[in-house]
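Asks:
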Amino acid sequence: MLTINRIREERDFIIERLKIKNFKAEEIIDKILLLDSSRREIISRSDTMQAEMNRISKEIGALIKNGKKSEAEAAKENTYRLKEEIRTLSEKLIPIDNDLKNEIVRLPNLPHESVPAGHGADNNVIVKKGGAIIDVPDTFLPHWDLIKKYDIIDFDLGIKLTGAGFPVYKGKGARLERALISFFLDEGTKAGYNEVLPPILVNEDSGFGTGQLPDKEGQMYHVGIDNFYLIPTAEVPVTNIYRDVILSAEDLPVMNIAYTPCFRREAGSWGAHVRGLNRLHQFDKVEIVQIAHPDKSYKSLEDMVNHVESLIIKLDLPYRILKLCGGDMSFTSALTYDFEVWSAAQKRWLEVSSVSNFESFQANRLKCRFKEKGDKQTRLVHTLNGSALALPRIVAALLENNQSEAGIKIPGVLVPYTGFEIIN
RNA sequence: GGAGAGAUGGCAGAGCGGUCGAAUGCGGCGGUCUCGAAAACCGUUGUCCUGCUUACGCGGGACCGGGGGUUCGAAUCCCCCUCUCUCCGCCA
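Under my numbering, the residue at position 284 of the first sequence is numbered 367, and the numbers go up by one with no gaps.
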């Protein structure tokens, strides 16, 4: 969420910037400003009375100590009315505070100045392409056929055990999955990330901290009896490590990497686009998260993008990097790069990573701040995260792109992890 | 699942209903001493809201797990909730 200070000071600028996200902010902002000023007025009056109240109470204490009982009783008379008024004011404040909070939470993050305008995926800007897209013969199979042919992932078995979207990885398929996870984690460690293995169930506070709650609770699996949520991404537990934390500037950037399974209820559409591994309820992902100094967060973003790119290059997959336009960006992001790899048999791009800078938007919710050495005041940090990488579509692309009569060839960098060179 | 104990500042740990934002110790920061460091000594040390203001400033308010209540006054008393710990049971 945006800070109230900023809304107060930069009303026009915010309204202007949010147009890039196709968001009409004027009405909400003016409502916020109105609520804010009445809030402050009430607080000011209430604080004054509270101060008076405290003064009288101290007096009464002193009088009683000196045995002046009747004077103390007289002084009490003055407090009743004050007390009542303070109570009235504080009751008046409650709905205003709530409204204010509810309105502020509705405002999306401001897009970075470099974000292009646009309404949807068509307006995203391709900033880079890599790897060669080769023409493949029509005999090339989509991955859902390949996994059956080699019996490495079993959807029907998953349906038996759980339901649709919960595949069972078997044999070399399971081994490939584990190899990719290890490879991604090792690469991250080499790049300076600190590995963490967090819980995959989180409480309500954590869900709120990263913004899944209260609005998107339908997208998470909920364990009702304990009121926990299954994480939709490692971003949730890993970022929440820093909820209510004040870091020192020299600790920044904090760089964490985590593998977790991810759980998403989203039913979504169906058809070829969600077939096979394209969309699942449970999948594996390695996530990188940075907590950065506000002046240096775009350097962090660049580092993260380079890191993700290096992974895809090592896996030898054709890819492109998109800068998302305002209309295609998430509510919370200031700048997002999407990574897509080419899926040879499906003949389309599959999104495998999304790397974003949230600036202070998430930090304000999390109350994650930092202090400059010797400085008294706290400032909000910037938070960033990105997939490095999400597994299913990587697996899909690897299977489809590397197929041959002999079988599916495993990229060289993975062989030390899989222990085999070919799936056949 | 059963029984009990507890939740106070970065940590540890005090706290008769008023002078407690809170003793003390540790840690952190600054300084003295030193060629330098350690030790010792001195000083300092939370967060949020808000007004004046825009100063490495001053004032007011709030915060001792969370929420209510009693009271002129609550860290201290009462109620509810949450969480943590210990023991027993079960168990990877």
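Using N, Cα and C, we set each Cβ at its ideal position, and we do this for glycine too.
Quick one: residues in its chain with C-beta nearer than 7 Å to the C-beta of Ser-129, no 5 flanking neighbours on either side, listed in chain order?
Replies: Cβ within range, chain order: Ile-169, Leu-172 and Ser-173.
Asks: Over the uninterrupted beta strand (DSSP E) stretch that includes Ala-341, give me the two end residues.
Replies: Taken as a continuous stretch (DSSP letters only), the beta strand (DSSP E) holding Ala-341 covers 337 to 346.
Asks: In chain order, which beta strand (DSSP E) runs of at least 3 residues are fully inside the region 114 to 176?
Replies: Segments of the beta strand (DSSP E) lying fully in the region 114 to 176: there are none.
Asks: Applying the 10 Å Cβ sphere with the 16-neighbour rule, what's the burial state of Ala-428?
Replies: With 16 or more Cβ atoms within 10 Å of its Cβ, Ala-428 is classed as buried.
Asks: Answer with buried or exposed for Ala-480, where buried requires no fewer than 16 other C-beta atoms within 10 angstroms of its C-beta.
Replies: Per the 10 Å Cβ criterion, buried.
Asks: Give the C-beta separation of Asn-361 and Asn-277 to the nearest angstrom, bearing in mind that I take them to be a contact with Cβ-Cβ under 8 Å.
Replies: No, Asn-361 and Asn-277 are not in contact; Cβ-Cβ is about 32 Å, not under 8 Å.
Asks: Is it true that the CB of Ser-487 sits closer than 8 Å to the CB of Asn-440?
Replies: Result no, Cβ atoms of Asn-440 and Ser-487 do not sit closer than 8 Å.
Asks: Measuring only the C-alpha atoms, how far is Asp-367 from Ile-115?
Replies: In a straight line, the C-alpha of Asp-367 is about 41 Å away from that of Ile-115.
Asks: Contact check, Tyr-56 vs Ile-242 under 8 Å by CB: the rounded distance?
Replies: This structure does not reach residue 56, given that the chain is present from 84 up to 507, and the question cannot be answered.
Asks: By the DSSP assignment, the alpha helix (DSSP H) with Thr-466 in it spans what residues?
Replies: Segment 465 to 473 is the beta strand (DSSP E) holding Thr-466; no alpha helix (DSSP H) there.
Asks: On the premise that Ala-134 lies in contact with Leu-146, defined as a C-beta separation below 8 Å, what is that separation, rounded to the nearest angstrom?
Replies: Incorrect: roughly 19 Å between the Cβ atoms, too far for contact.
Asks: Would you report the Cα separation of Val-321 and Val-372, rounded to the nearest angstrom?
Replies: Straight-line Cα distance between these residues: approximately 7 Å.
Asks: Buried or exposed for Thr-131, please, with buried defined as at least 16 other CB atoms from any protein chain shown within 10 angstroms of its CB.
Replies: Thr-131 comes out exposed.
Asks: Drop a sphere of 10 angstroms on the beta-carbon of Thr-245, count the other beta-carbons inside from all chains shown, and report buried for 16 or more, exposed for fewer.
Replies: By the 10 Å Cβ count, Thr-245 comes out exposed.
Asks: With a 10 Å radius around its C-beta and 16 neighbouring C-beta atoms as the bar for buried, classify Ser-163 as buried or exposed.
Replies: According to the sequence as given, residue 163 is Tyr; it is not Ser. Flag for Tyr-163 reads exposed.
Asks: Can you tell me which of Asn-192, Lys-166 and Asp-180 puts its alpha carbon nearest to the alpha carbon of Lys-517?
Replies: It is not possible to answer for residue 517, since the shown part of the chain is limited to 84 through 507.
Asks: Is the CB-CB distance between Gly-409 and Pro-194 below 8 Å?
Replies: Yes, Cβ-Cβ distance for Gly-409 and Pro-194 is below 8 Å.
Asks: What does a CB cutoff of less than 6 Å around Glu-442 pick up in its chain, not counting 5 residues either side in sequence?
Replies: If we look at Glu-442 and ignore the five residues flanking it on each side, its Cβ neighbours are Ala-417 and His-465.
Asks: Out of Pro-315, Arg-326, Glu-370 and Thr-222, which one is the CA nearest neighbour of Leu-363?
Replies: Looking at the Cα atoms, Pro-315 is the closest of the given residues.
Asks: Apart from the five residues on each side of it in sequence, which residues of its chain come closer than 8 Å, Cβ to Cβ, to Thr-272?
Replies: Around Thr-272: Glu-278 and Ile-340.
Asks: Buried or exposed, going by whether 16 or more other CB atoms sit within 10 Å of the CB of Asp-288?
Replies: By the neighbour-count rule (16 or more Cβ atoms within 10 Å), Asp-288 is not buried but exposed.
Asks: What first and last residue would you give for the beta strand (DSSP E) that runs through Val-210?
Replies: Start and end: 208 to 213.
Asks: Out of curiosity, what's the CA-to-CA distance linking Leu-482 and Ile-491?
Replies: Computed Cα separation, rounded: 6 Å.
Asks: If Leu-497 and Phe-267 are in contact, beta carbons under 8 Å, what's the gap, nearest whole angstrom?
Replies: So it is not a contact: roughly 10 Å between Cβ atoms.
Asks: Count the other CB atoms, across all protein chains shown, that sit within 10 Å of the CB of Thr-501; report buried if there are 16 or more and exposed otherwise.
Replies: Buried: at least 16 other Cβ atoms inside 10 Å.
Asks: Which term fits Pro-178, buried or exposed, when burial requires 16 or more other beta carbons within 10 angstroms of its beta carbon?
Replies: Exposed, since its Cβ has fewer than 16 Cβ neighbours within 10 Å.
Asks: Is it right to say Phe-346 is buried, meaning 16 or more other beta carbons lie within 10 angstroms of its own, or is it exposed?
Replies: Burial call: buried.
Asks: DSSP on Ile-404, reduced to helix/strand/coil?
Replies: DSSP places Ile-404 in strand when its eight states are reduced to three.
Asks: Here's the rule I'm using: 16 or more other beta-carbon atoms within 10 Å means buried, otherwise exposed. How should Arg-123 be labelled?
Replies: With fewer than 16 Cβ atoms within 10 Å of its Cβ, Arg-123 is classed as exposed.
Asks: Using DSSP bridges, identify the partner residues of Ile-491.
Replies: Per DSSP, Gln-486 and Ile-506.
Asks: Excluding five sequence neighbours on each side, which residues of the same chain lie with their C-beta closer than 8 Å to the C-beta of Leu-176?
Replies: Correct list, in chain order: Arg-122, Ile-125, Ile-126 and Ser-129.
Asks: Use the C-beta contact count for Phe-96: other C-beta atoms within 10 angstroms, 16 or more gives buried, fewer gives exposed.
Replies: So Phe-96 counts as exposed.
Asks: Assuming Gly-248 and Asp-411 are in contact, meaning their beta carbons sit under 8 Å apart, how far apart are those beta carbons, in whole angstroms?
Replies: With 8 Å as the limit, Gly-248 and Asp-411 do not qualify as a contact, their Cβ atoms being about 24 Å apart.
Asks: Could you check what DSSP says for Glu-92 in three-state terms: helix, strand or coil?
Replies: Note: Glu-92 maps to helix in three-state DSSP.
Asks: Pull up the DSSP beta-bridge partners for Trp-432, would you.
Replies: Partner(s): Trp-425.
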